[in-house]
Amino acid sequence: MKVNLLSMLNLIRVNTFFVTTLLVIMFLTSMTNVIAQETEPSPWSRFGLGLTTPTLSPPQLMMGGVSSPILDGYTINPDQPASAAGCITTQFQSSIHGTRSNMTEGDSTASITSGSPGAISLVIKKPGSSSAVMMGMMPYSGKGYSVSRTFTDTLIGSDILEKYSGSGGIAKSYLGAATSFKGKKWISAGDNDSVLVSNRSMFLGAQVSFLFGEVTSTGRLDIEDVTYLDNRTRTSMRHRSLGALLGVQGFQLLWANYDDQRNFQSSATLYAGATYSPSSVLLTDYEKTVETVQILSSVETVIDTASYINLIDASGRIPSKISAGGSIVFEKANGRRIQLSADYMKEDWSSVSDEFEVNILGGDATWAKASRSSMGIAFKPKSNGVAKTILSRSTYKAGFALDAYPIAYRGTQLSGWRASAGITIPLEGSRSISRFHFGVEMGQRGLGINNGTVLEGTLKESLFNIQLGVTLAPFFKNLWLTPKLYD
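Mapping of the sequence shown onto this note's numbering: position 446 corresponds to residue 473, and the numbering continues sequentially without gaps.
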């Protein structure tokens, strides 16, 4: 009776977890459009498509954003299409992110808290198969700023309130496929025996992606003296672009040791990966209205329309993007695993600056060459013996990244740095390879040079981010896509 009661409690706990997770995911999916309006409160999101963000996927963010060489069968890597073929089975992954931003410019300070859903990803794979299909959706860029300043115009002798606000964002959906090619080799086990192991593999993948979304900006000039009329400029841009992403990964076993009983002792494996996204056409429905307005009794009235521009399918280009990186993994028989990784990405927006039919940047900003340099470490402690705990079966991660954004303001590029850490925990009671991810990230962003140093006397943002995510997989006896041997 005791065993039955414990089994029932475990079943209730597992079912409750999955039902709760499903409800949360459904809620986040339905709220994506609402939350996207306030996902990026930075004033720098005023320019262009909004401020582009790293892919919000905790397993990669916790390692500084390293993605191209990461091949982990227990999580999804949405930025590397080839990695889908390395997944052990069908998996679903999602997350939520909260950010606290402290902004400083001279003597002025402000703090803003915002939140956003992360990448929603699905890999469909038959256990043991060499191929897989992946799909998902993720934030690409966002606007959610609201800034203002008051100054005195000596010419008219009146105070003027200058206000800028924006909202919206761009999302990315994708569909891809991947396959793998594996090689095997006999490794000596003692003096008189050997073991057949997989010593090298290559993974190839491709994605077709679609960018879509709308960003809006409003600029106001309110003159305190009512004898003067106010000015309002509103801009709306609806973007869409069809693109592709190609990926390749591979690993090479450097060495492996087995004892006389053919038991694994230790190994070292080298991983490498790269991705390439060709340049694609960006189509924009552009609408801009410049109006003269007047506020009387708190009611805003349009007096005159000074200018109106409406363009459909205005063309531009998104530049090609390339990333490459490597990783080395050391494993021991006691379960200890250490992974050291590095990654580099570049995307030159200045190369396509002359191909936009309309100026979507605005202000004194210009396009620049975006890049990201990342490095990370993952550590899993030993977990052999009878005293295994959930912490000994968890993976601990940390990383660091230097970011150069595709925006330069008055000749100086926007840049910053990020430091991250987190833990990936197996879900107790799920009887699957499902994982829970918790990570934190801190950093700074502002006008600076390529090494992430922020220049003094300019707007500086100090960022703190919390990430919560799950990777869900089927119950280990529920072999999806595998035909039953009998009914």
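The beta-carbon is built from N, C-alpha and C at its ideal position, and this holds for glycine as well. Note that this is a predicted model, so its numbers are computed, not measured.
Pick out whichever of Ala295, Thr485, Leu338 has its Cα sitting closest to the Cα of asparagine 226.
The residue with the shortest Cα to Cα distance from asparagine 226 is Ala295.
Out of Val222, Ser168, Ser156, Tyr191, which one is the CA nearest neighbour of alanine 205?
Of the residues Val222, Ser168, Ser156, Tyr191, the one whose Cα lies closest to the Cα of alanine 205 is Ser156.
Any contact between the region 294–312 and the region 95–109? By contact I mean 3 or more CB pairs, one from each, below 8 angstroms.
Using a Cβ-Cβ distance cut-off of 8 angstroms, the region 294–312 and the region 95–109 are in contact, since at least three pairs of beta carbons, one from each stretch, lie closer than that value.
Could you give the uninterrupted runs of the beta strand (DSSP E) lying entirely in the region 216–257, keeping only those of 3 residues or more?
Fully enclosed beta strand (DSSP E) runs of 3 or longer: 220–250.
Per DSSP, what kind of secondary structure is leucine 441 in: helix, strand or coil?
Strand at leucine 441.
Is there contact here, the region 254–267 with the region 214–223, by at least three beta-carbon pairs under 8 angstroms?
The region 254–267 vs the region 214–223: no contact.
Where DSSP assigns a beta bridge to glycine 426, which residues make up the other side?
DSSP lists Gly403, Ser447 as partners of glycine 426.
Along the chain, where does the beta strand (DSSP E) containing leucine 490 start, and where does it finish?
Note, leucine 490: beta strand (DSSP E), 487–499.
Suppose only complete runs of 4+ residues qualify. What are the alpha helix (DSSP H) ranges in the region 154–197, listed by chain order?
Every candidate alpha helix (DSSP H) stretch fails here, since none sits fully inside the region 154–197 while reaching 4 residues.
Given a cut-off of 8 angstroms on the beta-carbon distance, is the pair threonine 126 and serine 138 in contact?
Going by C-beta atoms, threonine 126 is not nearer than 8 angstroms to serine 138.
If you draw a straight line from the alpha carbon of valine 497 to that of alanine 425, how long is it in whole angstroms?
Taking the straight line joining both Cα atoms gives about 18 angstroms.
If you follow the beta strand (DSSP E) that leucine 474 is part of, which residue opens it and which one closes it?
462–474 is the span of the beta strand (DSSP E), which, as asked, contains leucine 474.
Can you tell me whether glycine 113 sits near the ligand PLP, meaning its C-beta is under 7 angstroms from at least one heavy atom of the ligand?
With respect to the ligand PLP, the structure offers nothing, as it holds no ligand at all.
Please name the residue or residues paired with asparagine 129 in a DSSP beta bridge.
Beta-bridge pairing links asparagine 129 to Ser138, Ser489.
Which of the three DSSP states is assigned to leucine 76 in this structure?
Note: leucine 76 maps to coil in three-state DSSP.
For phenylalanine 119, collect the residues of the same chain with a Cβ closer than 6 angstroms to its Cβ; drop the 5 residues on either side in sequence, then sort them by chain order.
Apart from sequence neighbours up to five positions away, the residues of its chain that approach phenylalanine 119 with a beta-carbon distance below 6 angstroms are Leu149, Leu499, ordered along the chain.
Backbone CA spacing between proline 305 and alanine 109 [nearest angstrom]:
Their Cα atoms are separated by approximately 16 angstroms.
CA-to-CA distance, threonine 245 to lysine 152, given in whole angstroms
Those two C-alpha atoms are separated by around 46 angstroms.
Measuring only the C-alpha atoms, how far is glycine 438 from glycine 390?
Rounded to the nearest angstrom, the two C-alpha atoms are 12 angstroms apart.
If you draw a straight line from the alpha carbon of leucine 33 to that of serine 410, how long is it in whole angstroms?
Any reading at leucine 33 must be qualified, since the residue scores a pLDDT of 41, below 50, and its modelled position is unreliable; no value is offered.
Using DSSP with H/G/I as helix, E/B as strand and the rest coil, what is leucine 273?
DSSP places leucine 273 in strand when its eight states are reduced to three.
Valine 235 versus Ser200, Ala112, Gly75, Leu338, residue with shortest Cα-Cα distance:
Measuring from the Cα of valine 235, the nearest candidate turns out to be Ser200.
Taking the DSSP output, what are the residues bridged to threonine 311?
In the DSSP secondary-structure assignment, threonine 311 is bridged to His266, Ala341.
Count the other CB atoms, across all protein chains shown, that sit within 10 Å of the CB of serine 57; report buried if there are 16 or more and exposed otherwise.
Confidence is the limiting factor: at serine 57 the pLDDT is only 42, short of 50, which leaves the residue's position unreliable, though a coordinate-based value still follows. Result: exposed.
When the distance is taken between beta carbons, is threonine 82 closer than 8 angstroms to aspartate 516?
With the chain covering 28 to 514 only, the question about residue 516 has no answer from this structure.
DSSP state of serine 122, grouped into three classes?
For serine 122, the three-state secondary structure derived from DSSP is strand.
If we ignore side chains and look at the alpha-carbon of each, how far apart do serine 378 and isoleucine 115 end up?
Looking at the two C-alpha atoms, the distance is approximately 40 angstroms.
If I follow the unbroken beta strand (DSSP E) through leucine 149, where does it start and stop?
Bounds of the beta strand (DSSP E) holding leucine 149 are 147–151.
What three-state label does DSSP hand glycine 113 in the structure shown?
If DSSP states are grouped into helix, strand and coil, glycine 113 belongs with the helices.
Compare the beta carbon distance of glycine 169 and glycine 77 with 8 angstroms and say whether it is the shorter of the two.
Cβ atoms of glycine 169 and glycine 77: closer than 8 angstroms.
Assuming the contact rule is C-beta atoms closer than 8 angstroms, serine 324 and tyrosine 172 should be a hit. Round their C-beta distance to whole Å, please.
About 29 angstroms separates the two Cβ atoms, so there is no contact after all.
Of the choices Arg363, Lys209, Glu468, Met165, whose alpha-carbon is the least far from that of glycine 449?
The option with the nearest alpha carbon to glycine 449 is Glu468.
Reduced DSSP secondary structure (H/G/I, E/B, other) of glutamine 107
If DSSP states are grouped into helix, strand and coil, glutamine 107 belongs with coil.
Over the uninterrupted beta strand (DSSP E) stretch that includes leucine 367, give me the two end residues.
Leucine 367: member of the beta strand (DSSP E) spanning 364–375, first to last residue.
Note down, in chain order, each residue of its chain lying with its Cβ closer than 6 angstroms to the Cβ of methionine 130, except the 5 sequence neighbours on either side.
Closer than 6 angstroms at Cβ, skipping near neighbours: Ala137, Glu488.
Using 8 angstroms as the threshold, is the C-beta distance between valine 320 and arginine 259 below it?
Yes, they are a contact pair.
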